[in-house]
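Below: the structure, in structure tokens.
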Amino acid sequence: MREFSLPALYEVPADGNLTDLIRRNAAQQPDLPVIGRKRGGQWEDLTAADFLTEVRTAAKGLIASGVEPGDRVGLLSRTRYEWTLLDFAIWSAGGVTVPVYETSSPEQISWILGDSGAVACLVETGAHAAAVDSVRDRLPALREVWQIEPADRAPDASRNANPATGAGANPGEGAGVGAVERLTALGEQISDATVEERSSVAGADSPATIVYTSGTTGRPKGCVLTHRSFFAECGNVVERLRPLFRPGEGSVLLFLPVAHVFGRLVQVAAVMAPIKLGHVSDLTKLTDELGSFRPTMVLGVPRVFEKVFNSARAQAVAGGKGKIFDKAAEVAGAYSRALDEPGGPSLKLRLLHKVFDKLVYSKLRAVLGGKATHAISGGAPLGERLGHFFRGVGFTVLEGYGLTESCAATAFNPFDRQKVGTVGQPLPGSVVRIAHDGEVLLHGEHLFTGYWNNPQATEEALADGWFHTGDLGALDVDGYLTITGRKKEILVTAGGKNVAPAVIEDRIRAHALVAECMVVGDGRPFVGALLTVDEEFLPRWAQQHGKAELTHEQLLADTELLAELQTAVDDGNKAVSKAESVRTFRVLRHQFTEDSGHVTPSLKLKRGVVAKDFADEIEAIYAR
């Protein structure tokens, strides 16, 4: 058994809550831009004083509607300014925010709002309002539904009338009126003193939010995260990465779902620092928004950085510069690795790096806004190849690791002591322990207090004062953590070989053509894999290889494409022993999606569902 810890860099307030942050910002730096908000196609700054005013105004409406201290309020929306505004407004009213993914089905919405006992729900669109309305009969506690985007026709407000306001389920809602405006009208008679009083009700150990895991099996579990959890998490992240969180200089563009705990970390850390926070709802416009907002730091998941690399390479190939790009990528990787060696990069390598910086690297940095030098990546392993590539081009991606139960990052790479290929050192003030069976155990103030309405699951997860993550990992002598797989996902072949799927899956998935990879072979004579092809990249590949006239089905059966996928598998096999390597694979017709039920909202693979739905394909692997 091995464990490692670092001293805390931030002292969690003995009492108080997250609303203290916006009051502090407004008092100490009232004119500091803390929000970048898109209006009329242009970014405009919102100061700390103005943000506090808007939060208080929305909070007044929530109080007037009958939201009491400790009440749960659902928030179902894409990433947008109103998400952050309403989150802080709910806290300022003394409430507890319950995030709901905007892609959630009515069944999922019913479970999350019903299990949490939410008394109100803020939704983004009419479609969201209709989804909530379709399950209202199962939600006896739900009194209010407000729609953020103005509606031409208000949803049915005749049901579950609110006796406190004498209005229906959507008081004040009408054509052209959004939730913020309706709350403003509702709260006109509520005083600033009342909001101030409500803002002070919650203590450090009061629940701030109940975040439902997007679990790969069973119903989602509600993780209760306190104000203390966020203080310990964000305070230590900001202090350890202080050069990336420079007040008045730093900025971050949030495009991750704020319903996910990683997105929430970005939001709260930006307010805590404080640095300017912008929001992007439409990921198809991300490149344009990065260019106009020009953040100093980017937060993302590995798939985002994979797509940046693959798109850049595809454009280079299309322009007849594929060989130049590949050489530039090779030099970037070599340069990054040399940074960790005694003496650093050689003179020849430095000269090559300088040449390619002008030809390739500077253009890649421009795609990411031009000002950002660092990114933080979580959710899945990035892989050493891409880690060294991005550091080599002057855009360092710091990998981290965490779970909903750990309030996002429980380990991350420090900006000044990165170890590419690891997920970094423990969050300052916390402890990471590797159990005898290799499981990663956690201890610290940032951890959740339990699963809502689920004492049995809480007892199992928080045994002996340690959170049992279910992940397998290892700590090196410097306390850097490497995640090697999931306990429940370990395959045992018929020959008795233990196989951790994540290692080879991540390597295969790094190929531009591969969207998803699921290794199979439990109880089988050898290891196989199911692959899906990236449907965004496939047309480019077809065009470059003179196969644009082929149908989707013909492409998936094309011998040249299959040979290309075999190279991806061969590369993945280099990371494991022969007994663990993929011997053969099957290509599925379509990508796994949340709508198809094969991935969670946070893009985790539902292995059991995939194995069941594609049992015939798996059998075909072993029928040869």
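Heads up: the sequence shown begins at 337 in the numbering used here, then just goes up one per residue. Glycine included, C-beta positions come from ideal geometry on N, C-alpha and C.
With fewer than 16 other Cβ atoms from the protein chains shown falling within 10 Å of its own Cβ, V813 counts as exposed.
Annotated three-state conformation of P638 is helix, per DSSP.
Annotation: I826 is outside any alpha helix (DSSP H) and is labelled neither H nor E by DSSP. Secondary structure at I484: coil, using DSSP grouped into helix, strand and coil. Annotated as proximal: S452 and I546, with beta-carbon spacing under 8 Å. Note: T562 is bridge-paired with P543 in the DSSP secondary-structure output. Residue range R338 to S341 is occupied by the beta strand (DSSP E) that includes S341, with no alpha helix (DSSP H) assigned at that position. Look at the beta carbons and you see the segment 423 to 441 not touching the segment 470 to 490: under three pairs across the two are nearer than 8 Å.
A direct Cα-to-Cα measurement between R373 and I399 gives close to 26 Å.
For P631, the CB contacts under 8 Å within the same chain, skipping 5 residues up- and downstream, are S587, V588, L589, G614, G705, K707 and A708 in chain order. The segment 632 to 645 and the segment 461 to 474 do not touch, with fewer than three beta-carbon pairs separated by less than 8 Å. Taken in chain order, the whole beta strand (DSSP E) runs of length 3 or more contained in the segment 602 to 647 are 612 to 615 and 633 to 636. In this chain, R414 is not harboured by any alpha helix (DSSP H), its DSSP state being neither H nor E.
Secondary structure at Q378: strand, using DSSP grouped into helix, strand and coil.
E871 and A878 have their C-alpha atoms some 11 Å from each other. Look at T520 here: in three-state DSSP terms it is helix. Taken through DSSP and simplified to helix, strand or coil, P442 comes out as helix. Excluding its 5 nearest sequence neighbours in each direction, R639 has no C-beta neighbour in its own chain below 6 Å.
When Cβ pairs closer than 8 Å are counted between the two stretches, the segment 595 to 607 is seen not to touch the segment 395 to 409, the count staying below three.
Between K824 and E775 a beta carbon distance of about 11 Å is seen, past the 8 Å cut, so the two are scored as non-contacting.
Leaving aside the five residues that flank A654 on each side, the residues in its chain whose CB is nearer than 8 Å to its CB run, in chain order, R876, Q879 and Q880. Taking L368 as the centre and dropping the five residues before and after it, the same chain places the C-beta of N361, T383, A384, P583, G584 and P610 closer than 8 Å to its C-beta, in chain order.
Secondary structure of V691 (DSSP, three-state): helix.
Of the candidates G669, Y417 and N572, G669 places its Cα closest to the Cα of R686. According to the DSSP secondary-structure assignment, I819 is paired through a beta bridge with G809. Just so you know, the alpha carbons of T389 and F591 end up roughly 25 Å apart. Non-local beta-carbon contacts of I844 in its own chain, meaning distances under 8 Å to residues more than five positions away in sequence, involve V850, C853, A865, L867, A904, V905, D907, G908 and V918 in chain order. Counting C-beta pairs closer than 8 Å gives three or more between the segment 391 to 398 and the segment 513 to 531, which meets the contact rule. The Cβ atoms of A846 and G821 do not sit closer than 8 Å to each other. Its chain contains P442, I445 and S446 as the residues whose beta carbon lies nearer than 7 Å to that of V471, once the 5 sequence neighbours on both sides are disregarded; these appear in chain order.
A distance below 6 Å between beta-carbons, with the five flanking residues on each side excluded, links V946 to the following residues of its chain, in chain order: M854 and H934. Here H689 is buried. Its C-beta has 16 or more other C-beta atoms within 10 Å. P837 sits in a helix when the DSSP states are folded into three classes.
In terms of Cβ geometry, G410 and V391 do not form a close pair [threshold 8 Å].
Note on geometry: alpha-carbon atoms of F725 and F873 lie some 20 Å from one another. With fewer than 16 other CB atoms across the displayed protein chains lying within 10 angstroms of its CB, N834 is exposed.
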